[in-house]
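Worksheet: one structure, shown below.
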Amino acid sequence: MQHLRSILKSGLGVLLAMMVASGSALTSILMRLTKRGGVQNFQSIFWNQVAQIILVLCLTIAVRPKLRRESWKETAVLVVGGILRVVATVCLCLSYLHVLPGNTSSVVYGLGPVLTIGLATLITKERPTVVHIIGMVICIGGVTMVGVSMNAKETNNQTVQQQVVTLLYPISASALLTLCWVLLRWLSKRGVPLVTHMFYYSIGGILLLPLAYIVEKPVWSFSPDTWGLLVAQTLAYATQYLCNAAAIHNETAATVQIVKVLTVPSVFVLGFFVLEMVPNVLEICGGAIVTVGAMVVGLWTWRLNLKQQRRELGVGTGTEKSGPGSVQVLKIRSKSGPEPGPDSVCENV
């Protein structure tokens with residue numbers, strides 16, 4: 205049981221990132237279904253933010269973290285990060301509503317790892333490893349295949365202006381979200397509590413209510429089926445946000461972003477079963493390549509964390525590797541008196 209707990213703890217960040225990928229894909233599909241039921245664009249965004257704020261407020265009341273930081277720099281980064289995340293959320297949700305789910309995920313999660321590695325190197329000083337670079341290149345190859353296939357489907361039906369807007373939404377969302385999560389990682393390394401991050405990153409969602417009224421008149425009367433889908437959508441969104449923040453709190457931003465590229469094949473799978481969207485051969489191959497790249501980085505990171513955890517545990521208990529077995533040396537010292545002799549040393553081979 206202790207061994208299993210150690211394995212799960214070492215892979216916590218990777219597991220959370222995989223949950224984010226699944227939750228993000230599910231949110232994308234549910235938002236398209238609720239749109240068919242009459243839920244308008246900004247109203248859908250608003251309900252997602254409401255669910256997130258309720259979750260974060262409950263956690264804040266339960267944990268009672270210190271919301272005001274002693275350093276003005278940390279407080280400023282929290283406020284700026286919260287504002288940037290509101291803008292990024294709007295761009296991302298508009299992408300899900302106006303662009304095919306696979307295309308949005310391809311741009312957002314394909315560009316995300318590249319930007320994350322660059323920003324993380326500059327801001328958090330976390331340099332990527334060779335495995336990160338290889339996994340990122342593999343994922344970009346798969347994402348490119350998916351993007352080419354999706355663009356071939358949409359080019360004939362869209363004007364130049366529509367194509368530009370289609371690209372601007374996910375590109376803006378990817379750049380802003382990447383900056384938000386790298387800043388969150390920077391704050392985590394400085395000891396800022398996770399709930400404090402989430403509070404500042406969520407409270408800005410209140411601004412979306414007047415925005416929903418200004419941009420378009422909300423509709424509040426839906427069928428029971430649509431209400432059920434809307435509740436499921438908001439729960440999926442809030443859950444994947446919590447998992448995302450927790451993942452970056454426990455793992456490097458580059459690893460989390462690369463593993464999150466699993467959203468692309470997840471969207472294809474859910475789209476096939478829920479929306480009856482059948483991917484073509486190029487999309488299937490691209491999704492498979494993305495899966496390989498993300499899993500390589502995830503499993504390698506998991507294994508590296510497990511080895512590091514065992515090494516630290518071995519140092520803490522005085523266990524050292526020596527040949528095929530391990531030798532544990534326990535020295536019994538007296539507060540006063542001479543150094544104990546060989547008989548006072550216990551060796552367990």
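553 is the number that my numbering gives the last residue of the sequence shown; the numbers go up by one with no jumps. Glycine included, every Cβ here is placed at the ideal spot set by N, Cα and C.
Contact check, residue i vs residue j under 8 Å by CB: the rounded distance?
i: Val496; j: Ile342; result: 6 Å
i: Val318; j: Met340; result: 7 Å
i: Leu234; j: Gln437; result: 4 Å
i: Gly346; j: Ile493; result: 3 Å
i: Ile287; j: Leu510; result: Actually they are not in contact, since the Cβ atoms of Ile287 and Leu510 sit about 38 Å apart, beyond 8 Å.
i: Phe426; j: Gly242; result: 6 Å
i: Pro374; j: Val312; result: 5 Å
i: Leu216; j: Asn448; result: With a Cβ gap of about 13 Å, Leu216 and Asn448 do not count as contacting.
Give the range of the alpha helix (DSSP H) segment to which residue i is assigned.
i: Pro428; result: Pro428 to Asn454
i: Ser214; result: Gln206 to Ser214
i: Pro469; result: Thr467 to Val478
i: Ile462; result: Ala457 to Val463
Identify, in the order they occur along the chain, each residue of the same chain with its Cβ nearer than 6 Å to the Cβ of residue i, setting aside the five sequence neighbours on each side.
i: Leu263; result: Val399
i: Gly527; result: Here the model assigns Gly527 a pLDDT of 45, short of 50, so the residue's position is not dependable, and the following value carries that caveat. Around Gly527: no qualifying Cβ.
i: Ile321; result: Pro332 and Ala458
i: Leu381; result: Ala292
DSSP three-state call for residue i: helix, strand or coil?
i: Asn245; result: helix
i: Val311; result: helix
i: Arg236; result: helix
i: Leu380; result: helix
i: Val396; result: coil
i: Glu516; result: helix
i: Leu271; result: coil
i: Ser425; result: coil
i: Met481; result: coil
i: Val303; result: coil
i: Arg507; result: helix
i: Pro332; result: coil
Within 10 Å of its beta-carbon, does residue i have 16 or more other beta-carbons around it, so buried, or fewer, so exposed?
i: Asn484; result: exposed
i: Trp424; result: exposed
i: Gly432; result: exposed
i: Pro428; result: exposed
i: Pro469; result: buried
Can you list, in chain order, the residues of its chain with a C-beta nearer than 7 Å to that of residue i? Leave out the 5 residues immediately preceding and following it.
i: Arg289; result: Cys384, Tyr405 and Gly408
i: Leu326; result: none
Excluding sequence positions up to five away, which residues of its chain have a Cβ less than 8 Å from the Cβ of residue i?
i: Val281; result: Leu387, Trp390 and Leu391
Is there a C-beta anywhere in chain D that falls below 9 Å from the one on residue i?
i: Arg236; result: Any reference to chain D falls outside this structure, which holds one protein chain only.
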